[in-house]
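What follows is a single structure, written as structure tokens, with notes after it.
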Amino acid sequence: MPTNLGSLKGLEKFSVARNQLETDEAEGFSFLTSLTNCSNLQILELGSNKFKGALPASLANFSTSLRWLGLGANKISGSIPEGVKNLIGLTRLAIFMNSITGEIPEGIGKLERLEEIDSFDNRISGAVPETIGNITKLRLLYIDTENLSGNIPPSLGKCKQLEVLYLFGNNLTGFIPKEVVSLSTTLSFILAQNSLTGPLPMEVGNMINLMELNVSNNRLSGEIPSTFSKCIMLEFLSLGDNLFGGRISQSLSALRSLSYLDLSINKLSGQIPAYLQNFTLLQSLNLSYNDLEGEVPHEGVFRNVSAFSIVENRKLCGGIEILGLPNCEVPVKLKRGTPIAIKIAIPVAISCLVLLAFFVDNWSFLLNGTTRGTNGHERCGSKIV
97 MPTNLGSLKG
107 LEKFSVARNQ
117 LETDEAEGFS
127 FLTSLTNCSN
137 LQILELGSNK
147 FKGALPASLA
157 NFSTSLRWLG
167 LGANKISGSI
177 PEGVKNLIGL
187 TRLAIFMNSI
197 TGEIPEGIGK
207 LERLEEIDSF
217 DNRISGAVPE
227 TIGNITKLRL
237 LYIDTENLSG
247 NIPPSLGKCK
257 QLEVLYLFGN
267 NLTGFIPKEV
277 VSLSTTLSFI
287 LAQNSLTGPL
297 PMEVGNMINL
307 MELNVSNNRL
317 SGEIPSTFSK
327 CIMLEFLSLG
337 DNLFGGRISQ
347 SLSALRSLSY
357 LDLSINKLSG
367 QIPAYLQNFT
377 LLQSLNLSYN
387 DLEGEVPHEG
397 VFRNVSAFSI
407 VENRKLCGGI
417 EILGLPNCEV
427 PVKLKRGTPI
437 AIKIAIPVAI
447 SCLVLLAFFV
457 DNWSFLLNGT
467 TRGTNGHERC
477 GSKIV
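Residue numbers (this note's numbering): 97 to 481.
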């Protein structure tokens, strides 16, 4: 890359994405330093190249006119410069698919116009700073397969326009803050493969536009929230590999848009809800490794053995023949539609018969006793005579 780009004083957009460009070993990112002289620059896109090395501190010297900084899919290393806080005009920061290390700078909270932080596939560590709640226009926070630790800051709930929260595959701990699951704007909520504990907050029902929720592979516990019934837009729901207990919530019966449902590897009990066989869009259902019992439904997704899994639920019975489960015991019960009078009369009649048998038995006993007594007196009388 030439190092005299700064002479382009009127430059507003500079994009060399999807090429084979690389940094000179001697010059490094000096071309970036040169570009800081372009005070009208609004878009800087260097993604999908072979730029490598640490970002220079001069990054902080870009004009506040800079709105778009795209550095994704390169070989950039080192940490995010603290001076990034000076780029107060930024609306998008894309640094994904690099080898960036270190922590997210506290100063990132000063970028109040920022709408997207895209940083997946790096090596960023430390906690998500509390100051991130100051970025109230944030729509996308995407930091996955990294080394983030600590708690999810409740201040994230101040980001009222947040649509995508993607913190998959980190080392986050603690509870899921109720403030974070109270945002009606959220479409995608991904916290899978962390070490989160506690219940899934009831406030999850406030995410009425939610289409995708994945909190699998954590240590979440308690029952499945009844407020899920409000999330009728959900298409993908994964609660697998946690410690959820109790019965499969009736609230899920409202989620008719589901195409994927994973409740596997939990401590769920009770029967498989019959309503699941009525989900016409459901293509994948995983209920394996729980403590479910009773009859497996026959219709809907349960007709296709490759579309559902119920393994390691040892108390199940019935279902389609290929499952090889034992037949369910059919309890003796009155048919539906039997008149109420008959339902009442039968147990009453049985009770009366029991009482009658009791009285007959006792009457026979008394009668036999009287007969024996009379015979005895007759024998005594004959001897006296």
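Here a beta-carbon is modelled for each residue, glycine too, at the ideal position from N, C-alpha and C.
- Here the C-alpha atom of Pro-98 lies approximately 34 Å from the C-alpha atom of Thr-241.
- For Thr-129, the enclosing alpha helix (DSSP H) starts and ends at 126 to 131.
- The beta carbons of Leu-279 and Tyr-262 sit no closer together than 9 Å.
- For Tyr-262, the enclosing beta strand (DSSP E) covers residues 260 to 262.
- Here DSSP, grouped into helix, strand and coil, assigns Thr-227 to helix.
- Measuring C-alpha to C-alpha distances from Gly-222 to each of Phe-216, Ile-200, Ile-418 identifies Ile-200 as the nearest.
- Annotation: Asp-217 is outside any beta strand (DSSP E) and is labelled neither H nor E by DSSP.
- Judged by their CB atoms, Ser-353 and Glu-331 are nearer to each other than the 9 Å cut-off.
- By the Cβ neighbour-count rule, Glu-259 is buried, with 16 or more other Cβ atoms within 10 Å of its own.
- The beta carbon of Pro-393 sits closer than 7 Å to those of Ile-368, Ala-370, Leu-372, Gln-373, all from its chain and outside the five residues before and after it, given in chain order.
- Inter-residue distance for Thr-132 and Ser-154 is about 8 Å (C-alpha atoms, whole angstroms).
- Cβ-Cβ separation between Leu-283 and Leu-306: approximately 6 Å, consistent with a contact (criterion under 8 Å).
- Rounded to whole angstroms, the gap between the alpha carbons of Thr-160 and Asn-409 is 60 Å.
- In the structure shown, Ala-150 falls within a strand segment according to DSSP collapsed to helix, strand and coil.
- Phe-340: member of the beta strand (DSSP E) spanning 339 to 343, first to last residue.
- Counting along the chain, Leu-237 sits inside the beta strand (DSSP E) bounded by residues 236 to 238.
- Rounded to whole angstroms, the gap between the alpha carbons of Glu-211 and Lys-274 is 22 Å.
- Counting only the Cα atoms, Thr-376 lies some 12 Å from Ala-403.
- A straight line joining the alpha-carbon of Asn-338 with that of Pro-152 spans about 43 Å.
- Judged by DSSP secondary structure, Tyr-356 falls within the beta strand (DSSP E) whose first and last residues are 356 to 358.
- Cβ-Cβ distances below 7 Å link Gly-205 to Pro-225, Thr-227, Ile-228, Asn-230, Ile-231 in the same chain, with the five nearest sequence neighbours on each side left out; the list follows chain order.
- No residue range can be given for Asp-120, since it is assigned to no beta strand (DSSP E) and is classified by DSSP as neither H nor E.
- Annotation: the continuous beta strand (DSSP E) that includes Asn-267 extends over 267 to 270.
- Between Val-407 and Leu-378, the CB-CB gap reaches or exceeds 9 Å.
- Secondary structure at Leu-348: helix, using DSSP grouped into helix, strand and coil.
- DSSP places Phe-398 within a helical segment (H, G or I) once states are collapsed to three.
- For Ile-286, the uninterrupted beta strand (DSSP E) run begins and ends at 284 to 286, by DSSP.
- Judged by DSSP secondary structure, Val-276 falls outside any beta strand (DSSP E); it is assigned neither H nor E.
- Contact between Ile-239 and Ser-215 holds: CB atoms are separated by about 5 Å, below the 8 Å threshold.
- Beta-bridge analysis with DSSP links Asn-382 to Asp-358, Ser-405.
- In this structure, the straight-line span from the alpha carbon of Val-426 to that of Gly-341 is close to 27 Å.
- Judged by DSSP in its simplified three-state form, Val-112 adopts coil rather than helix or strand.
- Beta-carbon to beta-carbon, Gly-318 and Pro-295 are separated by about 3 Å, close enough to satisfy the 8 Å threshold.
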